[in-house]
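S.K.: Can you keep this structure in mind? I'll have questions shortly.
In structure tokens, the structure reads:
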């Protein structure tokens with residue numbers, strides 16, 4: 283351990299209110315060395331703050347001794363957001379769950395960073411309200427992590443993503459000032475929108491210590507439908523048909539043939555294996571409206587050539603239909619141990635073209651590729667299944683991932699729809715943004731964090747950095 | 283004219299493709315010296331660019347000679363956004379309306395900066411789509427100006443504001459680089475959200491040369507209702523009751539007694555003069571849903587004590603009801619020539635408290651105050667009617683405005699919900715944001731525009747700057 287770091291730890295011991303919230307033991311620290319992406323990086327110390335002024339003190343000390351700091355929620359990041367890639371301090375926010383207030387009149391929630399995402403919607407439900415963002419990790423992830431990464435989810439199609447629900451923040455800046463951004467109002471044009479800049483900045487511009495979240499009235503009813511397509515292109519046409527007919531479903535999820543086969547092998551559900559694609563559509567809203575709309579959706583799916591359409595008669599049947607989608611992730615990790623979950627996103631009209639590109643990539647690199655995800659908003663999840671111990675296979679996977687990103691950008695899309703850039707996608711940033719675009723982002727980072735100590739090694743590529751999924 | 287400016291103009295003459303798009307004549311320049319707020323500032327030159335690379339060239343030259351540049355749409359800003367307060371160059375974008383493309387499949391519009399806002403929704407309508415933001419100036423203002431100011435409007439309650447519909451931008455940076463932010467997808471977490479940072483930055487961080495806007499399906503039906511309240515507090519309770527009943531109207535507009543009286547004096551419509559408040563509510567969506575909801579809204583208004591509720595039987599009756607609201611602005615400028623239109627915004631629950639504060643301010647400073655606006659989202663428009671030639675009255679108005687801002691911030695609200703900060707509210711920024719919060723905004727500005735030549739004198743207060751509405 284270098285001298286500056288030792289001094290930092292020493293001073294920190296005197297600053298922290300409860301020494302038990304500072305972890306130095308290697309066994310403890312090892313739990314903070316990874317997330318749901320790739321790589322193992324042991325931090326030098328873990329601190330579990332529970333107050334904004336404590337975080338501010340930590341940042342001031344960290345600047346004095348030039349020690350890197352990495353905020354971390356529950357470590358469910360798929361892009362390496364909380365990985366301590368340059369050593370230093372992990373700030374573990376998962377213990378800071380003291381505030382979860384619902385204000386039904388102003389229709390908002392006030393939350394501290396360690397609150398579990400799903401708990402917010404659960405608390406809102408008691409007032410007939412809803413917190414829509416629903417990343418699949420919602421029952422495990424903290425809202426702090428969701429805010430840092432601007433998490434999405436299936437409901438993004440109708441309701442938008444985490445950022446669309448953030449009215450205000452309390453933030454500790456990289457140099458340890460405590461600021462408030464936004465507030466309790468939906469409309470706010472007082473100066474630059476720091477709220478929306480910080481949400482999704484992957485913990486590189488500030489540490490979120492409180493958030494004011496917008497809630498919406500809970501829709502009184504839902505309807506679910508499953509449609510099977512012999513041709514993937516027809517499923518894309520069905521999506522367009524429904525949306526241009528003036529119907530915005532809450533969710534429009536797609537599973538390809540490989541996803542269906544994986545689910546059937548894992549837990550047989552009677553799904554046909556000879557279809558190209560399966561669409562799951564959920565409508566929500568007024569019962570009279572969606573009762574009429576579901577009939578229209580069924581008709582539209584059949585018009586574009588759906589082989590079969592099944593409308594759930596009740597909530598039990600709806601849950602049954604959704605189970606197939608829920609099983610995709612557990613089913614595919616049974617095939618091989620390593621899952622590379624991507625979220626390259628294309629304009630909705632380019633989904634059929636993206637499928638063609640993915641098919642070609644799968645064949646060219648001989649990889650196990652499964653495609654599912656939020657087709658309604660173009661946010662597919664191509665998942666590559668591999669074995670990290672197989673160096674030769676992982677090399678092919680790396681090349682396939684690079685080609686997959688290039689395809690998304692060529693089709694007018696983006697590297698990441700909801701997982702974030704982190705360490706994984708940093709090498710591809712300039713391809714999408716150009717040198718000038720990336721430079722404007724770097725200027726903001728440099729002006730806010732002149733010592734570059736807050737979550738370094740994320741978003742911005744190191745010179746010559748390449749995607750590496752292989753272990754040494 | 284100083285030497286650097288003369289050199290700039292000289293080089294510019296050789297750069298611009300059509301010399302007719304460069305205005306040097308004083309009579310021409312005078313049209314660019316004011317907007318819909320206060321003050322008269324003659325620019326040294328007006329340039330009407332029609333291509334991104336032309337704008338980039340202008341910015342590079344302007345940096346070389348340190349000449350200030352002010353982007354301008356149609357000059358409908360209520361906060362001084364386009365005023366050339368430090369002399370220099372006004373860039374007039376109102377002639378650049380070459381692109382207005384609708385992509386129905388991806389549900390988006392691609393527009394150049396000079397397109398009139400209302401034209402976008404009109405073009406979208408042909409495809410059954412809608413561009414929701416509806417500032418009252420939509421038929422006059424350009425989308426470029428709306429983007430710079432993040433314009434709102436009545437539909438903000440259900441649909442959000444301009445920013446919520448911007449997927450991507452082409453932007454010329456203050457130093458003349460051309461960058462693209464965001465793209466054609468709804469989900470995008472690739473790096474910092476420059477799109478949402480630039481929208482609403484009042485033309486201080488970049489010049490928007492193209493925008494990709496999200497469209498939504500056009501709701502098939504609307505319903506309108508008017509409710510009259512003897513007590514303002516009851517109207518606030520009605521708003522809460524409706525929203526917490528799970529109904530989100532497209533619009534919820536309020537008029538106070540003074541607004542009603544002004545309209546009746548201007549064009550008698552048979553509105554009672556002895557009510558405290560009038561609510562106008564528009565529902566949109568599926569016909570069956572809103573037919574049921576309008577009955578529920580009527581019942582809820584009566585339950586909290588509405589004196590009278592009138593449901594429009596058809597579109598003609600609905601237009602009749604809305605006419606009262608539309609007449610407020612023309613009616614009040616008949617009272618006195620000078621209108622100071624504010625947009626201080628409070629959390630919805632604080633509307634009754636804000637009304638009490640406004641009443642006290644009105645009495646204390648003996649001003650003519652009329653209150654109306656978007657009550658559903660707490661975005662009221664207190665309008666002070668005065669005569670700019672009356673120095674003593676204007677002094678009282680300045681004090682009243684300062685107290686009005688303080689009240690909004692004290693009640694948990696913000697200086698501006700949709701008009702922007704500009705020159706008018708800059709002196710009050712630190713009150714709301716604190717020194718540290720304002721400093722983080724200044725850092726971004728300094729890192730992007732090191733010469734401080736893009737729209738100087740806006741958002742950030744000069745040392746010791748005070749609100750001055752009086753002419754010299």
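Chains as they are written, first to last, in our numbering: chain A, 283 to 754; chain B, 283 to 754. Here a beta-carbon is modelled for each residue, glycine too, at the ideal position from N, C-alpha and C.
Which runs of the alpha helix (DSSP H) spanning at least 4 residues fall entirely within the segment 700 to 753 of chain B, listed in chain order?
M.R.: 711 to 730
S.K.: Comparing alpha-carbon positions, which option in 542(B), 356(B), 552(B) and 308(B) lies nearest residue 319(B)?
M.R.: As a position in the second chain, residue 319(B) is number 37, starting the count at 1. The shortest Cα separation from residue 319(B) among 542(B), 356(B), 552(B) and 308(B) belongs to 356(B).
S.K.: Quick one: list the residues of chain A neighbouring residue 499(B), beta-carbon separation under 9 Å, in chain order.
M.R.: For this step, residue 499(B) is matched to residue 217 along the second chain. Simply 525, 526, 527, 528, 529 and 530.
S.K.: Using a C-beta to C-beta distance shorter than 8 Å, which residues of chain A count as neighbours of residue 653(B)?
M.R.: Walking along the second chain from the start, residue 653(B) turns up at place 371. Correct list: empty, because the minimum Cβ distance to chain A is about 16 Å.
S.K.: So does the segment 566 to 575 of chain B actually touch the segment 551 to 570 of chain A, counting three or more Cβ pairs closer than 8 Å?
M.R.: yes
S.K.: What is the rounded straight-line gap between the Cα of residue 722(A) and the Cα of residue 613(A)?
M.R.: Within the first chain, the letter at position 440 stands for residue 722(A). Within the first chain, the letter at position 331 stands for residue 613(A). Roughly 42 Å separates the two Cα atoms.
S.K.: Does residue 767(B) get closer than 8 Å to chain A when you measure Cβ to Cβ?
M.R.: Shown here, chain B extends from 283 to 754; a query on residue 767(B) therefore has no answer.
S.K.: If I'm right that residue 337(A) touches residue 304(A) with Cβ under 8 Å, what's the distance once you round it to whole angstroms?
M.R.: Residue 337(A) sits at position 55 when you count from the first residue of the first chain. Residue 304(A) sits at position 22 when you count from the first residue of the first chain. Not a contact, Cβ separation roughly 14 Å.
S.K.: Just the chain C side, please: which residues come within less than 9 Å of residue 297(A) by C-beta, in chain order?
M.R.: The chain labelled as chain C is not found among the protein chains of the depicted structure, namely A and B.
S.K.: Does the segment 469 to 478 of chain A come close enough to the segment 495 to 503 of chain B that 3 or more CB-CB pairs lie under 8 Å?
M.R.: no
S.K.: Please report whether the beta-carbon of residue 703(A) lies at a distance below 8 Å from any beta-carbon of chain B.
M.R.: The sequence position of residue 703(A) within the first chain is 421, counting from 1. Taking Cβ atoms only, chain B reaches closer than 8 Å to residue 703(A), which makes this a yes.
S.K.: On a Cα-Cα basis, can you pick out the residue from 479(A), 361(A) and 442(A) that is closest to residue 697(A)?
M.R.: Position 415 of the first chain, counted from the start, is the residue given in the question as residue 697(A). With distances taken between Cα atoms, residue 697(A) lies closest to 361(A).
S.K.: Within 8 Å of any Cβ in chain A, is that where the Cβ of residue 558(B) sits?
M.R.: Counting from 1 along the second chain, the entry for residue 558(B) is found at position 276. Answer no: the Cβ-Cβ gap between residue 558(B) and chain A never drops below 8 Å.
S.K.: Alpha carbon to alpha carbon, how far is residue 551(B) from residue 543(B)?
M.R.: Counted from its first residue, the second chain places residue 551(B) at position 269. Counted from its first residue, the second chain places residue 543(B) at position 261. Cα atoms of residue 551(B) and residue 543(B): separation of roughly 10 Å, rounded to the nearest angstrom.
S.K.: Could you tell me how far apart the beta carbons of residue 683(B) and residue 744(B) are, in whole angstroms, since I believe they sit closer than 8 Å?
M.R.: Taking the second chain and counting its residues from 1, one reaches residue 683(B) at position 401. Taking the second chain and counting its residues from 1, one reaches residue 744(B) at position 462. That pair is no contact at about 18 Å.
S.K.: Given a cut-off of 8 Å, decide if residue 620(A) and residue 668(A) are closer than it, judged by their beta-carbon atoms.
M.R.: In the first chain, residue 668(A) corresponds to position 386, counting from 1. In the first chain, residue 620(A) corresponds to position 338, counting from 1. In contact: residue 668(A) and residue 620(A) (Cβ atoms closer than 8 Å).
S.K.: Name, please, each residue of chain A whose Cβ falls closer than 8 Å to the Cβ of residue 431(B).
M.R.: What you label residue 431(B) is simply residue 149 of the second chain in a count that begins at 1. Correct list: 471.
S.K.: On the three-state DSSP scale, how would you describe residue 444(A)?
M.R.: Against the first chain, residue 444(A) aligns to sequence position 162. Reduced to three states, the DSSP call for residue 444(A) is helix.
S.K.: List the whole-angstrom C-beta distance separating residue 465(A) from residue 479(A), where the pair is believed to meet the contact cut-off of C-beta under 8 Å.
M.R.: In the first chain, counting from the first residue as 1, residue 465(A) sits at position 183. In the first chain, counting from the first residue as 1, residue 479(A) sits at position 197. In fact, because the Cβ distance is near 16 Å, the residues do not count as touching under 8 Å.
S.K.: Would you say residue 663(B) reaches chain A, if we count a Cβ-Cβ gap shorter than 8 Å as a contact?
M.R.: In the second chain, counting from the first residue as 1, residue 663(B) sits at position 381. No - not a single Cβ of chain A is within 8 Å of the one on residue 663(B).
S.K.: In or out: residue 540(B) buried (at least 16 other Cβ within 10 Å) or exposed?
M.R.: Residue numbering aside, residue 540(B) sits at position 258 when the second chain is read from its first letter. Result: buried.
S.K.: Could you name the residues of the same chain whose beta carbon sits closer than 7 Å to that of residue 617(A), not counting the 5 residues immediately before and after it, in chain order?
M.R.: Here residue 617(A) refers to the residue found at position 335 of the first chain. 544, 650 and 667.
S.K.: Along the segment 627 to 640 of chain B, what residues have a CB closer than 8 Å to any CB found in chain A?
M.R.: Flagged, chain order: 627, 628, 629, 630 and 631.
S.K.: Residue 505(B) lies in the beta strand (DSSP E); which residues open and close that run?
M.R.: Taking the second chain and counting its residues from 1, the one referred to as residue 505(B) is at position 223. Run containing residue 505(B): 503 to 511, per the beta strand (DSSP E) assignment.
S.K.: Can you name the start and end residues of the alpha helix (DSSP H) that residue 338(A) belongs to?
M.R.: Position 56 of the first chain, counted from the start, is the residue given in the question as residue 338(A). Start and end: 334 to 347.
S.K.: Inspect the CB distances between the segment 546 to 564 of chain A and the segment 507 to 522 of chain A and report whether three or more fall short of 8 Å.
M.R.: yes
S.K.: At 8 Å on the CB atoms, spell out the chain A contacts of residue 461(B), in chain order.
M.R.: To locate residue 461(B), count along the second chain from 1; it is residue 179. Here the neighbours are 715, 716, 718, 719 and 722.
S.K.: How many angstroms separate the CA atom of residue 629(B) from the CA atom of residue 525(B)?
M.R.: By one-based count along the second chain, residue 629(B) stands at place 347. By one-based count along the second chain, residue 525(B) stands at place 243. Looking at the two C-alpha atoms, the distance is approximately 14 Å.
S.K.: For the beta strand (DSSP E) that contains residue 654(B), what are its first and last residues?
M.R.: Counted from its first residue, the second chain places residue 654(B) at position 372. Start and end: 650 to 656.
S.K.: First and last residue of the beta strand (DSSP E) that includes residue 559(A)?
M.R.: Residue mapping note: residue 559(A) aligns to position 277 of the first chain, counting from 1. Looking at the DSSP string, the run of the beta strand (DSSP E) that includes residue 559(A) is 559 to 567.
S.K.: Taking only three categories from DSSP, how would you classify residue 394(A)?
M.R.: Walking along the first chain from the start, residue 394(A) turns up at place 112. In the structure shown, residue 394(A) sits in coil (DSSP, three-state: anything other than H, G, I, E or B).
S.K.: Can the beta-carbon of residue 372(B) be found closer than 8 Å to that of residue 314(B)?
M.R.: Position 90 of the second chain holds residue 372(B). Position 32 of the second chain holds residue 314(B). The answer is yes: Cβ separation under 8 Å.
S.K.: Residues in the same chain with beta-carbon distance under 6 Å from residue 498(A), minus the five sequence neighbours each way, listed in chain order, please.
M.R.: Here residue 498(A) refers to the residue found at position 216 when the first chain is read from its first residue. Same-chain partners within the cutoff: 412.
S.K.: Would the segment 648 to 662 of chain A and the segment 432 to 447 of chain A be scored as touching if the rule is three or more Cβ pairs under 8 Å?
M.R.: yes
S.K.: Among 688(B), 677(B), 368(B) and 293(B), which residue has its Cα nearest to the Cα of residue 752(B)?
M.R.: Here residue 752(B) refers to the residue found at position 470 of the second chain. Of 688(B), 677(B), 368(B) and 293(B), the residue nearest in Cα terms is 677(B).
S.K.: Could you name the residues that DSSP lists as bridge partners for residue 432(B)?
M.R.: Within the second chain, residue 432(B) is the residue found at index 150, counting from 1. DSSP lists no partner for residue 432(B).
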